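Q:
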Amino acid sequence: MRKRLYILLFLFGLFPSVYGQQSADNNYVLLLNSASFGEAWSDVLYKSLVEDVQQLGVRVDTGELLVPMMKTAEDARLRREMLLEKYPMPPRAVIYIGDPGWLVCRPLFDEEWKEVPTLICYSRDSMPESIEDLLSGNLDSNTMVPASEMTKGYNLTILKQPSFIPETIELMRQLQPQMNTVAMISDHRYISLRVRDEVHQAVNQHFPDLAFQSLSSPELTTGQLLDTLSGFDDKIGIIYYSWFVTQNRHEYLDDHVQRVIFGLAHTPIFTLTDRDHEEGSFAGGYYIPAISFSRVASATIREILGGKPARDIPWKDGGVPGAYLDYHHLVHQGVDPALFPKDAVYSQAPPGFFQKYKFHLVIFGALLLLLVAAIVMRMRWFVQRQRQQNREVRLLSQYRMLVNNMPVIYLRKQIVDGPSGPASDFLFLDVNPAFERVFGCKQQQIIGKRLSEMLSRYDKLSCLAGTDQTVHSFVIDGENGQHYYDKLVFGSSEESIWDVFCIDRTEEHLALVQMDRHRAEQDELNEKYKLVLQATGLTPWIWEIPEGLIDCDLSYTPGLGSGSGSRFIVTEEQYYSMIYPDDRERIRAAYADLLAGRIDILQEEYRVIYVQGDYQWAKSFAIVRKRDASGKPIQLVGASLQIDIQKRLEQDLREAKEKAEESNRLKSAFLANMSHEIRTPLNAIVGFSSVLADTEGDEERRQYITIIENNNELLLQLINDILDLSKIEAGTLEFTESDVDLKEMFFRIEQSMKLRIPEDHPVEVAFEDPGGDYLIHTDPNRLMQVVTNFMTNAIKFTSEGSIRFGYRNRNDGELYFYVSDTGCGIPAGKQQEVFGRFVKLNTFAQGTGLGLSICETIVSKLGGRIGVASEEGKGSTFWFTLPWRPVTP
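889 is the number that the UniProt record's numbering gives the last residue of the sequence shown; the numbers go up by one with no jumps.
1) Is there contact here, the region 594-608 with the region 620-640, by at least three beta-carbon pairs under 8 Å?
2) Taking the alpha carbon of residue 765 as the point to measure from, which residue in 801, 773, 783, 483 has its own alpha carbon closest?
3) State the DSSP-derived secondary structure class of residue 824, mapped to helix, strand or coil.
4) Determine contact between the region 283-294 and the region 37-53, defined as no fewer than three beta-carbon pairs at a distance below 8 Å.
5) Near residue 158, which residues of its chain fall below 6 Å by C-beta distance, leaving aside the five closest residues on each side in sequence?
6) Could you name the residues of the same chain whose beta carbon sits closer than 7 Å to that of residue 871, not counting the 5 residues immediately before and after it, in chain order?
7) If you draw a straight line from the alpha carbon of residue 230 to that of residue 220, how long is it in whole angstroms?
8) So what's residue 520 in DSSP terms, helix, strand or just coil?
9) Which parts of the region 761-828 are runs of the beta strand (DSSP E), unbroken and 3 residues or longer, counting only runs that do not cross its ends?
10) I'd like the span of the beta strand (DSSP E) that includes residue 308, first residue to last.
11) Looking only at its own chain, which residues have a Cβ that is under 8 Å from the Cβ of residue 70, when we skip the five neighbours before and after it?
12) Which of the three DSSP states is assigned to residue 104 in this structure?
13) Three or more beta-carbon pairs under 8 Å between the region 640-650 and the region 527-547, yes or no?
14) Are the region 279-288 and the region 305-314 touching, with three or more C-beta to C-beta distances below 8 Å?
15) Which first and last residues belong to the beta strand (DSSP E) in which residue 623 is found?
16) Return yes when the Cβ of residue 767 is within less than 9 Å of the Cβ of residue 813, no when it is not.
17) Which of the three DSSP states, helix, strand or coil, is assigned to residue 462?
18) Please determine if the region 163-175 and the region 97-117 are in contact, where contact requires at least 3 C-beta pairs separated by less than 8 Å.
19) Could you tell me if residue 401 is buried or exposed, where buried requires 16 or more neighbouring beta carbons within 10 angstroms of its beta carbon?
20) Check whether the region 436-456 touches the region 517-529, counting contact only when three or more Cβ pairs, one atom from each stretch, lie closer than 8 Å.
21) State the DSSP-derived secondary structure class of residue 637, mapped to helix, strand or coil.
22) By Cβ distance, which residues of its chain are closer than 7 Å to residue 91, with the 5 residues on each side in sequence left out?
23) When burial is assigned at 16 or more other CB atoms within 10 Å of the CB, is residue 856 buried or exposed?
24) I'd like to confirm the pairing. Which residues does DSSP put opposite residue 890 in its beta bridges?
25) Roughly how many whole angstroms lie between the Cα atoms of residue 361 and residue 376?
26) Secondary structure at residue 474, three-state DSSP: helix, strand or coil?
27) Is residue 144 helix, strand or coil by DSSP?
28) Would you give the residue range spanned by the beta strand (DSSP E) that residue 155 belongs to?
29) Thinking just about the alpha-carbon of each residue, which of 742, 815, 810 is nearest to the one in residue 784?
30) Give the list of continuous alpha helix (DSSP H) stretches no shorter than 4 residues that lie fully inside the region 295-353.
31) Examine chain B for any beta-carbon lying closer than 9 Å to the beta-carbon of residue 162, and answer yes or no.
32) Can you name the start and end residues of the alpha helix (DSSP H) that residue 227 belongs to?
33) Is the CB-CB distance between residue 207 and residue 184 below 9 Å?
34) Restricting to Cα atoms, I'd like to know which of 334, 585, 778, 491 is closest to residue 604.
35) Is the distance from the Cβ of residue 803 to the Cβ of residue 786 below 9 Å?
36) Are residue 779 and residue 746 close, meaning C-beta to C-beta below 9 Å?
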């Protein structure tokens, strides 16, 4: 197998170019020609690609695949093995000139060269489905598939080289008006067969009045081809594509036949591709020139080597087509230049008159210039004195006119020695009227006088002394204020004569002063704006409508900006995505109204995320700043203000208002309830006191006395609750702490509460003694008030069962107190309301609705917590905690 490979290499002429030194690295690009580099158009592409790739520091290796010389799939496999042996390291990229080469090498890109970026040049829109069809020339609609399907999944891109057949035939008809037949010279190779079919179809479809004639090998030998061409006249237009012949069983490519064709044919020979028509062998045609194709290919391979995947580069044509013709070829074949198209690009065109005689014209011009120079020098020699005199007179006249009409001060002076040393004084030689107006002295008064002499009479002249600078500025007081001048000095120090020009720059100076003042005012105004933005915390922004971008200045945004010009640019959709979902559509609609002109100014409050973080309330203002020619808004300007604190204050105010209204309602209900609650025990006390005086039975008397005592206690409790509430409202509720024995206190409460149980209620009252001594430091009266209130409520709402109360140390720094009953219980939804003021869950029960609220305040003042656990119909447990502060006996 290896021997056959070497024989093929030798026969194909590839041994030195392909099977050479192996590549040891992958910093190279492999350029493979499907045929050979002998053709002019492939030579241009080769040179351009090699030059551009090597500029990137990447080596270029080349090879000729000679696909037309392959006969079987085995030949293609040997060619692939040859490439793998030559290049064991995959290249950075592979460039194919012609898609047949890629079809032969395609298996390499399934395995060894997988994902190697590939550029296919001069490819067509469809390819043979199999390598066998390619090599056998079996090309028809059944064997050809779209190139997009054949290349699917590969990391490649394609530069197409379309055949502009209708345009070329139209160009031929313009140059050969008598043409009635299109003859095409081609061969049996893959690309030739395809192009020949395209030409035939184009003639039938676009030029039905023309006939088509095929001149192809191997149907014709080269001699038969030349004999046929020699008999053609201007009625037959010739298109040359390629010519592949077979001789002595050795196949080879022969493009040298084109020179013979040119010598035998009597009509122009056109091409569909760039065949280097500048040599004169072909007339040219309508196509993309090789140099343009090479530029596009170079740009594409640069993109690939720059890291862009080849599959991401769109397929495109290799350049812009046009008509390219050889002037000499057309004229030689008898085409009238009057028929030449004006928009074509011509090579070997005859030079114009200037180009043809350029050398002669240059020599003649140089001799003419020398002659004129000699004559002028001779004439100048004879008339120099007279011309000098005339010139001086003319110059003096012009000089005087110029000096007198100049809008600047002019002074001509001669430097002389002065009292302050050499060159410190000067003589006035000449001045103009502008000098007289500004300095107030006449020409005849000052000419020939020294500056030192005139200073005593005209003190304004002092600005002209004491400076040898070429450019100098000074100020002169005039009738309308100060005038600013720039003094320019010209002259020769050797002759000590100087021309001085003083240009009035007052307007420019005033303009600069005004500009500086305006800039200062602008800076001051900008500083004020910054202070206002800093004080208000506004976030100014500009919304460019066409671009959909919002440029925000976060310099003065609280918590975000630093006053140094922080910018935050978001797109329109990003801005809307930062708005709270419930507010988003409302804000979209508001901006839509502003853009549609339904509102002039937008003012909206909404929740938004400021760059990062949680949603915050903001208020935005916006107005249209710019519109296009049709009146459509193109720019909005506005600002946003964080109002999260204001919103929380508003919420707090609403809640406080609601609480105040609720408290007011409860107070009103309380007053109404108090009037009833107070009258109830008073009526009982007054009524039974009156009846008691007339009652004779001891048992009945004791009942009345008991009723009076119970109502006395109830009335006293009402009054105490009202007084405690008043003290709480005034902040004067008193606390007096002392040492308390809890066991003793709770035994007394137990005995007292047992007496309050109605006789018809079978309720057990029990103090659950935890054992041990509990001496704590607290307010005994307030502690007993809380426990008693809990017990009173338990007795009130418990008709049977038990009431148990007590305390215990939970070892967490707190004492836990509780009162548990088996009464009616409290609904789960109202358990947190029982500690509110004026709250009575049972409006028919006696009480003010203040007891538990007062208990909560007392426990809080003592440093504890209070709560309730209850189940409706099963009873309740009211509890509270106090800090555990034991007393050592």
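Each residue gets a CB set at the ideal place from its N, CA and C atoms; glycine is no exception. Bear in mind the structure is a predicted one, so any value in this text is a computation, not a measurement.
A: Reading from the atomic positions:
1) yes
2) Position 765 of the sequence shown holds residue 765. Checked all of 801, 773, 783, 483; the closest Cα to residue 765 is 801.
3) As a position in the sequence shown, residue 824 is number 824, starting the count at 1. If DSSP states are grouped into helix, strand and coil, residue 824 belongs with coil.
4) yes
5) Counting from one through the sequence shown, the residue named residue 158 turns up at place 158. Excluding sequence neighbours, residue 158 sits near 120, 123, 315.
6) For the purposes of this step, residue 871 is taken as residue 871 along the sequence shown, with counting starting at 1. Excluding positions up to five away in sequence, the list reads 825.
7) Taking the first residue of the sequence shown as position 1, residue 230 is located at position 230. Taking the first residue of the sequence shown as position 1, residue 220 is located at position 220. For residue 230 and residue 220, the distance between alpha carbons rounds to 14 Å.
8) Against the sequence shown, residue 520 aligns to sequence position 520. DSSP places residue 520 in helix when its eight states are reduced to three.
9) Here the runs fully enclosed are 763-768, 775-778, 801-809, 814-821.
10) Within the sequence shown, numbered from 1, the residue matching residue 308 stands at position 308. Residue 308 -> no beta strand (DSSP E), and no H or E assigned at all.
11) On the sequence shown, residue 70 is found 70 positions in, with the first residue counted as 1. Only 76, 79, 104, 135 meet the Cβ criterion.
12) By one-based count along the sequence shown, residue 104 stands at place 104. Three-state DSSP puts residue 104 in a helix.
13) yes
14) Result no; under three Cβ-Cβ pairs closer than 8 Å.
15) Against the sequence shown, residue 623 aligns to sequence position 623. 615-627 is the span of the beta strand (DSSP E), which, as asked, contains residue 623.
16) Walking along the sequence shown from the start, residue 813 turns up at place 813. Walking along the sequence shown from the start, residue 767 turns up at place 767. Not in contact: residue 813 and residue 767 (Cβ atoms no closer than 9 Å).
17) Counting from 1 along the sequence shown, the entry for residue 462 is found at position 462. Here residue 462 sits in helix by DSSP.
18) no
19) Translated into the one-based positions of the sequence shown, residue 401 becomes position 401. Residue 401 should be labelled exposed.
20) no
21) In the sequence shown, counting from the first residue as 1, residue 637 sits at position 637. Residue 637 falls in the strand class under three-state DSSP.
22) Reading the sequence shown from its first residue, position 91 is the one you call residue 91. Correct list, in chain order: 26, 28, 29, 30, 116.
23) Counting from 1 along the sequence shown, the entry for residue 856 is found at position 856. By the neighbour-count rule (16 or more Cβ atoms within 10 Å), residue 856 is buried.
24) Since the displayed the chain opens at 1 and closes at 889, residue 890 lies outside it and no answer follows.
25) Residue mapping note: residue 361 aligns to position 361 of the sequence shown, counting from 1. Residue mapping note: residue 376 aligns to position 376 of the sequence shown, counting from 1. About 22 Å.
26) Sequence index remark: in the sequence shown, residue 474 carries index 474 (1-based). Taken through DSSP and simplified to helix, strand or coil, residue 474 comes out as strand.
27) Along the sequence shown, one-based indexing puts residue 144 at 144. If DSSP states are grouped into helix, strand and coil, residue 144 belongs with the strands.
28) Here residue 155 corresponds to residue number 155 of the sequence shown, with the count starting at 1. Counting along the chain, residue 155 falls outside any beta strand (DSSP E), and DSSP gives it neither H nor E.
29) Within the sequence shown, the letter at position 784 stands for residue 784. Among 742, 815, 810, the Cα nearest to that of residue 784 belongs to 742.
30) 327-332
31) No chain B is present in this structure, which holds just one protein chain.
32) Working through the sequence shown from its first residue, we reach residue 227 at position 227. Residues 222-230.
33) For the purposes of this step, residue 207 is identified with residue 207 of the sequence shown, where counting begins at 1. For the purposes of this step, residue 184 is identified with residue 184 of the sequence shown, where counting begins at 1. No, they are not a contact pair.
34) Here residue 604 corresponds to residue number 604 of the sequence shown, with the count starting at 1. Of 334, 585, 778, 491, the residue nearest in Cα terms is 585.
35) Walking along the sequence shown from the start, residue 803 turns up at place 803. Walking along the sequence shown from the start, residue 786 turns up at place 786. No. Outside cutoff.
36) Counting from one through the sequence shown, the residue named residue 779 turns up at place 779. Counting from one through the sequence shown, the residue named residue 746 turns up at place 746. Going by beta carbons, residue 779 and residue 746 fall outside the 9 Å limit.
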